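> Chains A and B are the protein sequences, given in the same order. By the working numbering, the letter at position 3 of the first sequence is numbered 3, and the numbering carries on one by one without gaps. By the working numbering, the letter at position 222 of the second sequence is numbered 319, and the numbering carries on one by one without gaps. Built from N, CA and C at the ideal position, the CB exists for glycine as well. Remember, it's a predicted structure, so these values are computed and weren't measured experimentally.
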Amino acid sequence: MSLALDILSVLAISAGAFFFLAGTVGLLRFPDALTRLHALTKADNLGLGLVVLGLLPRADGALGALKLIVVWLLVLVAGATVSQLIARVAQRAGPAP
Amino acid sequence: MTIAVTIAWAFDALLAATVLAVALWTIVTRETFAAVVGFVAFGLLVALVWVRLAAPDVAMVEAAIGGGVTGVLLLGAAARLRGVEAATAAEWPGKTLRLVTGALCAAVAAALAATMLLLPDPAPTLAPEAAANLASTGVGNPITGVLMAFRGLDTLLEKVVLVLALIGVWSLAQDSQWGGLPGPQRQAQPDQSLVFLARLLPPVGIVIGVYLLWTGADEPGGAFQGGALLAAMWLLAMMAGLAAPPPVGSRRLRLVLVAGPAVFVAIGLAGFALADAFLAYPQAYAKPLIIVIEIALMLSIAATLALLVAGPPERMPPR
């Protein structure tokens, strides 16, 4: 059982790290603000979500696990809102040269 | 070295290198806005450093103050400077002045580094004494014990300085605006997603802020961390136009601002009668007294930080 949980942790955290890497590459390589935001939200939502999923079996108790999930949800809300705000400003400013 | 130690060492080295790189980038970048963003990233990375140094209390304050409040303050300053920045760039200081400044900064950094490196090992510390006497304060978190009991005077003066800083910001107001509403007029229609966030987040944030205060007695946390979170929630509501900022002349607002230091001083003075010194607590009531002070401090800190960010009064309340 604990081996299975360890494997889940390793797989989920690795996948999460991959999404962070992909998001960072996208941030650096994509041509304009909107596509860069698209790349970043993948790191926030999926990357952090998978890392939290991988850490859940290692949390101390149900309360610790709940705190991890709350952290993920708060980042989701904040990330989504900030993306909207940045996108609005980018749209108003027009396409970047 | 075991693998775990090697990984921890590699992470610390990478973290240190990143902190230095971000610091350098913040200094050399020309654009003010970019430098502020670099400073915020620097604050968050330094918070990580404090976590690695096993100082979560400091990490939380660094993230909230170094990354959060100072970042917003500097963003506001950058926005205000945008109009006059080109003109001031023409008055760029001469090469000699820049060289002298750089040399002095380098000397200070070298002196600090030398002091740190020349410390005896183990460094002189009062930590064992603080830990040994922690039981007399009734709190379980040694940081809170030191802040509120052993070095209570420092904490008291620090809170007074915060209020003085706010008075400094307010004194930038024009005479005709004195007592008015802080900050420039907001646009009539704030972005709907911001309004959504400002409705969704404060209930959660207020609960977490109060939790941070309460748990600060025994775990990392405390009045400052909780107060910073409350301030952020209030600012969010003000930015979204859901809460009107209070006029700085309001008596109720000023009572909240001085409540923390005032309660602290009152209980400190009572220490002459009940215990045997200023800021000494009678042993049986140490913990309840500390919590009463912290609750008052949290409210004052929240109000002070939020109003520091909101800025000097710039318009009179609509009649």
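Closer than 7 Å to a non-hydrogen atom of the ligand MG - does that hold for the CB of Gln91(A)?
What this structure holds is no ligand at all, so the ligand MG is not there to describe.
> What residues in the segment 276 to 297 of chain B bring their beta carbon closer than 8 Å to a beta carbon of chain A?
Asp288, Ser290, Leu291, Phe293, Leu294 and Leu297
> So with CB distances below 8 Å, who are the chain B contacts of Arg58(A)?
Along the first sequence, read from residue 1 onward, the residue named residue 58(A) stands at position 58. Near Arg58(A) there are no residues of chain B at all, since even the closest Cβ is about 14 Å away, more than 8 Å.
> Sorted by chain position, which residues of the same chain lie with C-beta nearer than 8 Å to Phe74(B)'s C-beta, five sequence neighbours on each side aside?
Because chain B here runs from 98 to 416, residue 74(B) falls outside it and cannot be looked at.
> Taking C-beta to C-beta, are Pro343(B) and Leu253(B) nearer than 8 Å?
The residue given as residue 343(B) occupies position 246 in the second sequence. The residue given as residue 253(B) occupies position 156 in the second sequence. With respect to Leu253(B), Pro343(B) sits apart: the two C-beta atoms are not nearer than 8 Å.
> If we ignore side chains and look at the alpha-carbon of each, how far apart do Thr312(B) and Thr241(B) end up?
Translated into the one-based positions of the second sequence, residue 312(B) becomes position 215. Translated into the one-based positions of the second sequence, residue 241(B) becomes position 144. Rounded to whole angstroms, Thr312(B) to Thr241(B) spans 10 Å at the Cα level.
> For Pro287(B), which residues does DSSP report across the bridge?
Residue mapping note: residue 287(B) aligns to position 190 of the second sequence, counting from 1. Per DSSP, none; premise fails for Pro287(B).
> Answer yes or no: do Gly54(A) and Ile13(A) have a C-beta to C-beta separation smaller than 8 Å?
Numbered from its first residue, the first sequence carries residue 54(A) at position 54. Numbered from its first residue, the first sequence carries residue 13(A) at position 13. A contact, by the Cβ cut-off of 8 Å.
> Tell me the rounded alpha-carbon separation between Pro97(A) and Arg36(A).
Residue numbering aside, residue 97(A) sits at position 97 when the first sequence is read from its first letter. Residue numbering aside, residue 36(A) sits at position 36 when the first sequence is read from its first letter. With a pLDDT of 47 at Pro97(A), under the threshold of 50, the predicted position of this residue should be treated as unreliable, and no value is reported.
> What residue range is occupied by the uninterrupted alpha helix (DSSP H) comprising Glu255(B)?
Walking along the second sequence from the start, residue 255(B) turns up at place 158. Start and end: Gly249 to Trp267.
> With a cut-off of 8 Å, does the C-beta of Gln91(A) fall near any C-beta of chain B?
The residue you call residue 91(A) lines up with position 91 of the first sequence. Chain B, which has no Cβ nearer than 8 Å to the Cβ of Gln91(A), makes this no.
> Is Leu402(B) near Val166(B), with beta carbons less than 8 Å apart?
For the purposes of this step, residue 402(B) is taken as residue 305 along the second sequence, with counting starting at 1. For the purposes of this step, residue 166(B) is taken as residue 69 along the second sequence, with counting starting at 1. Cβ atoms of Leu402(B) and Val166(B): closer than 8 Å.
> So, does the segment 272 to 289 of chain B touch the segment 192 to 204 of chain B, judging by three or more C-beta pairs under 8 Å?
no
> Counting C-beta neighbours from all protein chains within 10 Å, is the total for Pro409(B) 16 or more, i.e. buried, or is it exposed?
Taking the second sequence and counting its residues from 1, the one referred to as residue 409(B) is at position 312. With 16 or more Cβ atoms within 10 Å of its Cβ, Pro409(B) is classed as buried.
> Gln380(B): buried (16+ other C-beta within 10 angstroms of its C-beta) or exposed?
As a working mapping, residue 380(B) is identified with position 283 in the second sequence. Counting every other CB atom within 10 Å of its CB across the protein chains shown gives Gln380(B) a total below 16, marking it as exposed.
> If I measure Cβ to Cβ from Leu5(A) and keep anything under 7 Å in the same chain, skipping five residues before and after, which residues do I get?
As a working note, residue 5(A) is residue 5 in the first sequence. When the five nearest sequence neighbours on each side are left out, the beta carbons in the same chain lying within less than 7 Å of the beta carbon of Leu5(A) are those of Pro57, in order along the chain.
> Please report the distance separating the alpha-carbon of Ala161(B) from that of Leu354(B).
Your numbering for residue 161(B) matches position 64 in the second sequence. Your numbering for residue 354(B) matches position 257 in the second sequence. Going by the C-alpha atoms only, they are around 19 Å apart.
> Would you report the Cα separation of Glu188(B) and Pro300(B), rounded to the nearest angstrom?
Locating residue 188(B) in the second sequence gives position 91, where the first residue counts as 1. Locating residue 300(B) in the second sequence gives position 203, where the first residue counts as 1. Going by the C-alpha atoms only, they are around 48 Å apart.
> Kindly list the residues whose CB is nearer than 8 Å to the CB of Phe30(A), restricted to its own chain and excluding five residues on each side of it in sequence; keep chain order.
For the purposes of this step, residue 30(A) is identified with residue 30 of the first sequence, where counting begins at 1. Arg36, His38 and Ala39.
> Please identify the residue among Ala107(B), Val181(B) and Glu316(B) whose C-alpha is closest to the C-alpha of Ala152(B).
In the second sequence, counting from the first residue as 1, residue 152(B) sits at position 55. Measuring from the Cα of Ala152(B), the nearest candidate turns out to be Glu316(B).
> Mapping the DSSP letters down to three states, classify Arg179(B) as helix, strand or coil.
Translated into the one-based positions of the second sequence, residue 179(B) becomes position 82. If DSSP states are grouped into helix, strand and coil, Arg179(B) belongs with coil.
> Against chain B, does Arg36(A) count as a neighbour if the rule is that its beta carbon must be under 8 Å from one of theirs?
Position 36 of the first sequence, counting from 1, holds the residue named residue 36(A). So no, Arg36(A) is outside the interface.
> In terms of alpha-carbon separation, which member of Gly191(B), Leu121(B), Leu310(B) and Ala227(B) lies closest to Val389(B)?
Along the second sequence, one-based indexing puts residue 389(B) at 292. Minimum Cα distance to Val389(B) is reached at Leu310(B).
> Beta-carbon within less than 6 Å of Leu386(B)'s beta-carbon, same chain only, minus the 5 sequence neighbours each way: which residues are those?
The sequence position of residue 386(B) within the second sequence is 289, counting from 1. Closer than 6 Å at Cβ, skipping near neighbours: Ile364 and Tyr378.
> Over what stretch of residues does the beta strand (DSSP E) that includes Glu411(B) continue unbroken?
Working through the second sequence from its first residue, we reach residue 411(B) at position 314. Where Glu411(B) is concerned, the enclosing beta strand (DSSP E) stretches over Pro410 to Arg412.
> Is there at least one Cβ from chain A nearer than 8 Å to Ala114(B)'s Cβ?
Against the second sequence, residue 114(B) aligns to sequence position 17. No, its Cβ sits nowhere closer than 8 Å to a Cβ of chain A.
> For Val77(A), go through chain B and note every residue whose CB falls closer than 8 Å to its CB, in chain order.
Sequence index remark: in the first sequence, residue 77(A) carries index 77 (1-based). Those within 8 Å of Val77(A) in chain B are Leu294, Leu297 and Leu298.
> Could you check how far apart the C-beta atoms of Val155(B) and Trp147(B) are, in whole angstroms? I think they sit under 8 Å.
One-based indexing of the second sequence puts residue 155(B) at position 58. One-based indexing of the second sequence puts residue 147(B) at position 50. Between Trp147(B) and Val155(B) the Cβ distance is about 4 Å, and since that is below 8 Å, they are a contact.
> Can you list, in chain order, the residues of its chain with a C-beta nearer than 7 Å to that of Leu269(B)? Leave out the 5 residues immediately preceding and following it.
Reading the second sequence from its first residue, position 172 is the one you call residue 269(B). Hits under 7 Å: Pro409.
> Would you call the segment 170 to 184 of chain B and the segment 323 to 337 of chain B in contact, with 3 or more CB pairs under 8 Å?
no
> Can you name, in chain order, every residue of its own chain whose Cβ lies under 7 Å from the Cβ of Val257(B), other than the five neighbours on each side?
Position 160 of the second sequence, counted from the start, is the residue given in the question as residue 257(B). Closer than 7 Å at Cβ, skipping near neighbours: Pro358.
> Should Thr41(A) be flagged as near chain B, meaning a C-beta pair shorter than 8 Å?
On the first sequence, residue 41(A) is found 41 positions in, with the first residue counted as 1. No, its Cβ sits nowhere closer than 8 Å to a Cβ of chain B.
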